[in-house]
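Let me begin by presenting the structure, written as structure tokens, before commenting on it.
There are 2 protein chains.
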Amino acid sequence: MADILHRVGIKSSLDEVYKALTTREGLAAWWTHDTQGESKVGGGLKFRFSADGSEIGGFDMKILELQPAKRVLWQVVDGPVDWIDTKISFQLKQESEYSIVLFKHQDWKEPVEFMHHCSTKWATFLMSLKSLLESGEGAPNPNDIKIGNWH
Amino acid sequence: MADILHRVGIKSSLDEVYKALTTREGLAAWWTHDTQGESKVGGGLKFRFSADGSEIGGFDMKILELQPAKRVLWQVVDGPVDWIDTKISFQLKQESEYSIVLFKHQDWKEPVEFMHHCSTKWATFLMSLKSLLESGEGAPNPNDIKIGNWH
């Protein structure tokens, strides 16, 4: 098993960060415009991505945990085969004027090349989350930062 | 043991990417201005970082492998305790008009919080490498992208 890890510090309140991770509007403003579903424990969220005007796939998540201002945990129930049954967590804490986000996308079966790509891509999306909360503007798909030939 | 993985695709030749990873001038233009030493197998490179005008630490690397246009492997011989004896590799290959960089910072003893930070920070530095080669301008320290309270 292998995990993708990240950490960003955001000059914003824990409540605001939590809201951006747990509302359709928040998620659509930093990860992907095409976010559907409801963020409640046991419920599901569907994230779809497009490039050059065409849908290129996405992820369906089941919400396993929601601890306000503290922790979010999703399980991937549909999407690319390498993602199925992996889990994604966001752990929040305060340090001086920063809300710290500890991110983990865990339980990849193998450290495949796609995992390398997703690790870099997650970093750019977490910077999009940071930018959304600090400046009011994120870079969600389809306006996301391109990191190579896999978008 | 735990590894940081990344993948970027750069619209540049393998030779240019290799040069940016193996010359003092190249490394200084995307990772840190304060790069000293010589990139030859068995030799060493010293990378130092600063913030707000003061040095905040750095890394000493021993060069273990240099395969032109293919692979670079360093071992960390001095720096933060979590980094000592970890290895850093850059694997290069061509895909259509992109030079693909598969990055690995391997053999962390524990997935400590600092590893989360370094993973995100490596992503921003690899995007700096991409930017340097595609547009002529990187974002090396001290002009690097700040990702939180740990810089």
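Chains as they are written, first to last, in our numbering: chain B, 3 to 153; chain R, 3 to 153. For every residue, glycine included, the Cβ atom is placed at its ideal position computed from N, Cα and C.
- Assignment of alpha helix (DSSP H) within the stretch 13-55 of chain R, counting only whole runs of 4 or more residues, yields 16-24 and 26-32 in chain order.
- With fewer than 16 neighbouring CB atoms inside 10 Å of its own CB, R/Met3 falls in the exposed class.
- Contact between R/Ser130 and R/Ser14 does not hold, since their C-beta atoms are separated by about 14 Å, which reaches or exceeds 8 Å.
- Closest option to B/Glu97, judged by alpha-carbon separation, among R/Trp76, R/Thr25 and R/Trp152: R/Trp152.
- Fewer than three Cβ pairs drawn from the stretch 140-149 of chain B and the stretch 139-149 of chain R lie within less than 8 Å of each other, which leaves the two stretches out of contact.
- By the C-beta density criterion, B/Asp17 is exposed, having fewer than 16 other C-beta atoms within 10 angstroms.
- The beta-carbon distance between B/Gly59 and B/Pro82, rounded to whole angstroms, is 7 Å. This is short enough to meet the 8 Å contact definition.
- Scanning chain B for C-beta atoms nearer than 8 Å to the C-beta of R/Ser98 yields Asn151, reported in chain order.
- Distance check between B/Leu7 and each of R/Thr126, R/Leu134, R/Trp110 and R/His119 places R/His119 closest, using alpha-carbon atoms only.
- Of B/Asp80, B/Gly11, B/Val114 and B/Trp76, the smallest CA-CA separation from B/His107 is found for B/Trp76.
- The beta carbon of R/Lys21 lies closer than 6 Å to those of Gly28 in the same chain, with the five residues before and after it left out.
- Taking 3 residues as the shortest admissible run, the stretch 63-111 of chain B contains the following complete beta strand (DSSP E) segments, listed from N- to C-terminal end: 73-80, 89-97 and 100-110.
- By alpha-carbon distance to B/Arg9, the top candidate from R/Ile86, R/Thr122 and R/Lys72 is R/Thr122.
- In this model, R/Phe49 and B/Phe49 are separated by some 40 Å (Cα to Cα).
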